[in-house]
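If you're matching them up, the sequences are chains A and B in order. Under this note's numbering, the first residue of the first sequence carries the number -4, and numbering increases by one thereafter. Under this note's numbering, the first residue of the second sequence carries the number 114, and numbering increases by one thereafter. C-beta atoms are modelled at their ideal positions from N, C-alpha and C, and glycine is treated no differently. So the structure is just underneath, and the comments pick up after that.
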Amino acid sequence: MKDYFKKIINAIGSEVPTGVLFTCNFSAEESEFCRFNRGSIRQSGSVLQQGVNLCLIKGNRQAKTYQALSRNIENDGKELKRTIASLMDQLSLIPDDPFLHINEKVESSESISASKQLDLKKLCSDVIASTEGKDFVGILAGGQIYRGFANSFGQLNWYQSGTFSLDWSLYVRDDKAVKQSYAGFEWDRSFFEKKLSQGMEQLEIVSKPPRTVKPGAYRCYLAPAAVQELLEIISWGGFGKKSIATKNSSLIKLYDEGQSLSSKVKLVENTKGGLAPNFDDCGFIKPDELVLIDEGKAKGALVSARSAKEFDLASTGATSSEMPEALWLTSGTLPSGEVLKRLGTGFYVNNLWYVNFSDRQSGRLTGMTRFASFWVEDGKIAAPLNVMRFDDSIFNILGDHLEAFTDEAELMFSADTYEQRSTTCFKLPGALVSSINFTL
Amino acid sequence: MVLFDRKSLDGIKTPAAYWNVRFQARRDESLEVRQGVVEPPTGSEDFGVMVTVFHKGGQGYCATSDLSLSGLQAAFDEALEWAKVSSQKSITEFSGELHSIYKGQYESPYVIDWLTQNLSQKLERLRAASETLRVDPRIVDWSASCVGTLTEMMFVSSTGSENLQTTRHLSPNLSATAFENNDTEVRSLHRSGITRQVGAELLDQIQLDTIGSTIGEEAIELLLSPNCPTQKLDLLLDADQMLLQIHESIGHPIELDRILGDERNYAGTSFVSKDMFGTYQYGSELLNVSFDPTYSGETASYGFDDEGMKTEKTMLIEKGILKRGLGGALSSSRIGVDGVACSRACSWNRPPIDRMANLNLEPGQSTMGEMIANIELGVLMKTNCSWSIDDSRNKFQFGCEYGRMIRNGELKEVVRKPNYRGISADFWRDLKMVGNASTMDAFGTPYCGKGEPNQAINVGHASPACVFSNVQVFGGE
């Protein structure tokens, strides 16, 4: 695929007129998906897709477009020729862009994750056999992901990763289920079956009569997947320079008004430890680590190339959405084996769902408990919990009300497949919180 | 734009009992002027086909943008291999007999093609519109944007179905952010809720050139207003919030694939069960909901779904009683409940699943004035900005940009950060008044997320304003 990318770059380079610069972002994937319901296959198939985000720059003007490609270099060359002509027309019709900002320092790189060729069809057969008799529902996704960047200055960045992810739930009835996932570079059926066995053990607890709890404030343990839901909504503009500058960040009180989270909170964009490419769509290289919050205080923001120009800052290599792609929350001191004991009486929340803002600018969130969440009494799981809605501020949950993070952080790969398979991941501990407000 | 020639399939060989090929090419143009600066115009040209085959009761698909004979043959072969895997243990017996044979065409209504208009003039119009938003120095961010889309689709099946569909979408938006004393308020042009199949004439219809000053003034007004109170009272939802209310608490719960359990690992399940169809009192007798892809110009209008089935307007809820589900031919067959032609995919690279398309609430008898006059104590809410609902689609909380108190039958002070929460199964039974056609508007969103692999698709919701009684409302911090 890298050779194909080079041919595409050559085709572009030969068509772009003298005096015009280009940047080219390449993305491709050879993905296979198998969707399960009740231990059977619902939908299965393959997706081969590739294309370039091409930007032409003339003086201080820039015009951009995405062009899908077919992998037939002759046909693709014709399409690119037409695309470049169209972009050249646009350049004559638009004004100068004061925030034009591309990397002119050549910083080429290559990252290829070594992985065996995965046979997803064989994996599907394994899953069907291993889940016989179980109400198993979920998605298996896998295959190669490619990303590339090149520009007129000769920079060439290449990223290739072959992964799989199996994201599933085991159901007992209605909305009572256990959520699990298994992702990586190599498939190990015995490991999968071990996880399934653990899930079935939890399902026995979930199958007990559920408890409906009245609205109010309760002690809570949020497992890493629940913490991920909170941080995902906060990531939606929370750490981005543009959102902060335009007062739209949900962390505006942290960045602008001196409010703090708990001193236990340290959040890092850990590009080196994550899966995502280390280059952005303008050719800037991301730092290995970028501290966003340290000891509960704002330390850094995600700055895209465009924001860097607009706000006179250095780019951190953030994408235009300025969302983290490898968010690491430093673990704490609470031994995982002591979570129930330290929780005492309250909610053990494995998963949250549909988290959104009650008051974005105050960092006030709402969302639902989901899957295996439990009512705990005196350090013991008493009953599965019927779903509850929380409504509370992140400045409480990860602020004054945060008692401890667990001593182990869990690495979690995003199972998102909107448009293409995500390379976002998180490494997060669980959080013990003295009080979260539940409303419904 | 790349187009597909039906003759490309000549010479394809497959032992599959049934196949279909769905081609889609899509061109987008996204323009934005923010704080007087023209953002770089961003375009997109995407194309590809999805080949789906049924073989020995199994199903498989392969999506590719290699439209050569060899590329298409490889896609047929790969889809067949997946069908073989699927046939080991398929959720149902896949058969081409599920789908009736239809031929035809569909094209969006439009007068002026936005995409072919002069780029400089379009940007200048957006620049001028954006400037009308800045009515006060406390407006700290302001922008005008417009996304135009042209989509060409062709569906061909081994049983003889064949259709061509051309859609043109336009999605304009205006947004103003006001800030003072550590408070931020955002007001927008229906929060991107105007997404319609229409030409550039839409911009005159929505008064894009002048409406910005009202949006900017309302953002400032919100800054100076108290929070929405916390209490139970009557709630008047304008059409641009009914969009979300219908979508989340009627549309998703009655999707047959959710009831069948397909979505339980991601989008969720439903409080609705199979036995409820035909008898369940979903809402008050004022509630009438239609599935209507024939609604001219609405976001998700089409002639045929992505399995080739022909569409027609169908009532799903009549006088509050749940009659039909939102499910395509496959789901309908699996569950044994009548469905509609709503099997749709977001693009050529994702398989079709049950989708809402246009799900509309039929107009009632009341004018806006009559509804306001009928409320002793209540709040009017406009323009959704937050949405959250449990995975069974029952316990919800929604937030709006703009609220206004109603006291003794009159509109009173503006309130900021209005939110409300409730339970779907109860909420619709408290539907007290339904606005007439004069209160109706057609909104939509291109961002309905569902499915594994994930798909974000456009859905439309035309609705009048409605009044609900005894709703818990509250404000911000």
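Q | Segment limits, alpha helix (DSSP H) that includes threonine 327 of chain B | A | Taken as a continuous stretch (DSSP letters only), the alpha helix (DSSP H) holding threonine 327 of chain B covers 325 to 336.
**Q.** Nearest residue (CA-CA) to serine 397 of chain B, options B:Gly173, B:Ser537 and B:Gln218
**A.** Ranking the options by Cα distance to serine 397 of chain B, first place goes to B:Ser537.
Q | C-alpha distance - phenylalanine 342 of chain A paired with arginine 506 of chain B, whole-angstrom precision | A | Phenylalanine 342 of chain A and arginine 506 of chain B: Cα-Cα distance of roughly 22 Å.
Q) Applying a beta-carbon distance threshold of less than 7 Å, which residues of chain B neighbour cysteine 442 of chain A? A) Past the boundaries of the shown model lies residue 442 of chain A; chain A is included only from -4 to 435, so the question cannot be answered.
Q | Neighbourhood of proline 476 of chain B by C-beta distance below 6 Å, restricted to the same chain and skipping five residues each side | A | If you ignore the 5 residues before and after proline 476 of chain B, its C-beta comes within less than 6 Å of the C-beta of Asn549, Ala550, Met553 and Pro577, all in its own chain and listed in chain order.
Q. What's the gap between the Cα of leucine 182 of chain B and the Cα of lysine 73 of chain A?
A. Between the alpha carbons of leucine 182 of chain B and lysine 73 of chain A lies a gap of roughly 18 Å.
Q) Nearest CA to the CA of leucine 161 of chain A: which residue from B:Trp195, B:Ser386, B:Pro566 and B:Gly588? A) Among B:Trp195, B:Ser386, B:Pro566 and B:Gly588, the Cα nearest to that of leucine 161 of chain A belongs to B:Pro566.
Q. Mind checking if glycine 512 of chain B is an interface residue toward chain A, Cβ cutoff 8 Å exclusive?
A. Yes, its Cβ sits closer than 8 Å to a Cβ of chain A.
**Q.** Terminal residues of the alpha helix (DSSP H) in which asparagine 70 of chain A lies
**A.** 68 to 86 is the span of the alpha helix (DSSP H), which, as asked, contains asparagine 70 of chain A.
Q: Could you tell me which chain B residues have their CB closer than 7 Å to the CB of glutamine 85 of chain A, listed as they occur along the chain?
A: Simply Pro154 and Leu232.
Q) Using a Cβ-Cβ distance under 8 Å, would tyrosine 166 of chain A count as near chain B? A) At least one beta carbon of chain B lies nearer than 8 Å to the beta carbon of tyrosine 166 of chain A.
Q.
In whole angstroms, give me the CA-to-CA distance for lysine 169 of chain B and threonine 127 of chain B.
A. Looking at the two C-alpha atoms, the distance is approximately 13 Å.
Q | Assigned secondary structure, alanine 578 of chain B (DSSP; H/G/I helix, E/B strand, else coil) | A | Coil at alanine 578 of chain B, not helix or strand.
Q) Are the CB atoms of alanine 138 of chain B and leucine 116 of chain B nearer to each other than 8 Å? A) Yes; because the gap between Cβ atoms is below 8 Å, this pair is in contact.
Q | First and last residue of the uninterrupted alpha helix (DSSP H) at isoleucine 307 of chain B | A | Counting along the chain, isoleucine 307 of chain B falls outside any alpha helix (DSSP H), and DSSP gives it neither H nor E.
Q) How many angstroms separate the CA atom of aspartate 170 of chain A from the CA atom of arginine 377 of chain B? A) About 8 Å.
Q | Short CB-CB distance (under 8 Å) between asparagine 286 of chain B and chain A | A | Cβ-Cβ to chain A under 8 Å: no for asparagine 286 of chain B.
Q.
Measuring only the C-alpha atoms, how far is isoleucine 204 of chain B from methionine 267 of chain B?
A. Spanning the two alpha carbons is a distance of roughly 28 Å.
Q. Within 10 angstroms of its Cβ, does valine 382 of chain A collect 16 or more other Cβ (buried), or is it exposed?
A. Looking at its Cβ environment, which holds 16 or more other Cβ atoms inside 10 Å, valine 382 of chain A is buried.
Q: Check whether the Cβ of proline 204 of chain A lies closer than 8 Å to any Cβ atom in chain B.
A: No, because no Cβ of chain B sits closer than 8 Å to the Cβ of proline 204 of chain A.
(Q) Within 8 Å of any Cβ in chain A, is that where the Cβ of serine 264 of chain B sits? (A) Note that residue 264 of chain B corresponds to threonine in the displayed sequence, not to serine. Chain A, which has no Cβ nearer than 8 Å to the Cβ of threonine 264 of chain B, makes this no.
Q. Using the beta-carbon of each residue, which ones in chain A are nearer than 7 Å to lysine 508 of chain B?
A. Neighbours of lysine 508 of chain B on chain A, chain order: Met363, Val382, Arg384 and Leu435.
Q) Distance, Cα to Cα, threonine 126 of chain A vs leucine 360 of chain A? A) Each residue's CA atom was taken as its position, placing threonine 126 of chain A and leucine 360 of chain A some 37 Å apart.
Q.
Determine, for tyrosine -1 of chain A, whether the minimum Cβ-Cβ distance to residues of chain B falls below 8 Å.
A. With respect to chain B, the C-beta atom of tyrosine -1 of chain A has no partner C-beta closer than 8 Å.
Q. Hey, does asparagine 294 of chain B have any beta-carbon neighbour from chain A nearer than 8 Å?
A. False, the Cβ-Cβ gap to chain A never drops below 8 Å.
Q: Give the C-beta separation of valine 173 of chain A and alanine 367 of chain A to the nearest angstrom, bearing in mind that I take them to be a contact with Cβ-Cβ under 8 Å.
A: In this structure, valine 173 of chain A and alanine 367 of chain A form a Cβ contact; the two beta carbons are roughly 5 Å apart against a cut-off of 8 Å.
Q.
Could you tell me the alpha carbon to alpha carbon distance between alanine 192 of chain B and glycine 8 of chain A, rounded to whole angstroms?
A. The alpha-carbon atoms of alanine 192 of chain B and glycine 8 of chain A are separated by roughly 36 Å.
(Q) Short of 6 Å in beta carbon distance, which residues of its chain neighbour leucine 308 of chain A, apart from the five on each side in sequence? Order them along the chain. (A) Cβ within range, chain order: Val298.
**Q.** Exposed unless 16 or more other CB atoms sit within 10 angstroms - verdict on alanine 124 of chain A
**A.** Around the beta carbon of alanine 124 of chain A, a 10 Å sphere encloses fewer than 16 other beta carbons of the protein chains shown; the residue is thus reported as exposed.
Q: Assign valine 453 of chain B to buried or exposed, taking buried as 16 or more other Cβ atoms, counted over all protein chains shown, within 10 Å of its Cβ.
A: Buried is the call here.
(Q) Tell me the rounded alpha-carbon separation between threonine 155 of chain B and proline 93 of chain A. (A) Distance between the alpha carbons of threonine 155 of chain B and proline 93 of chain A: 16 Å.
**Q.** Min CB distance aspartate 190 of chain B to chain A below 8 Å
**A.** Answer no: the Cβ-Cβ gap between aspartate 190 of chain B and chain A never drops below 8 Å.
Q) Does the count of Cβ pairs from the region 308 to 317 of chain A and the region 384 to 393 of chain A closer than 8 Å reach three? A) With a cut-off of 8 Å, the region 384 to 393 of chain A and the region 308 to 317 of chain A do not count as touching, because too few Cβ pairs lie within range.
Q: Show which residues of chain A have a CB atom less than 8 Å away from the CB atom of glycine 173 of chain B.
A: The contact set of glycine 173 of chain B on chain A, defined by CB atoms closer than 8 Å, consists of Ser39 and Gly40 in chain order.
Q | Assumed close pair tyrosine 213 of chain A, phenylalanine 408 of chain A - CB separation to whole angstroms, cut-off 8 Å | A | Not quite, the Cβ-Cβ distance comes to about 30 Å (not below 8 Å), so this is no contact.
**Q.** Coil, strand or helix - isoleucine 252 of chain B by DSSP
**A.** If DSSP states are grouped into helix, strand and coil, isoleucine 252 of chain B belongs with the strands.
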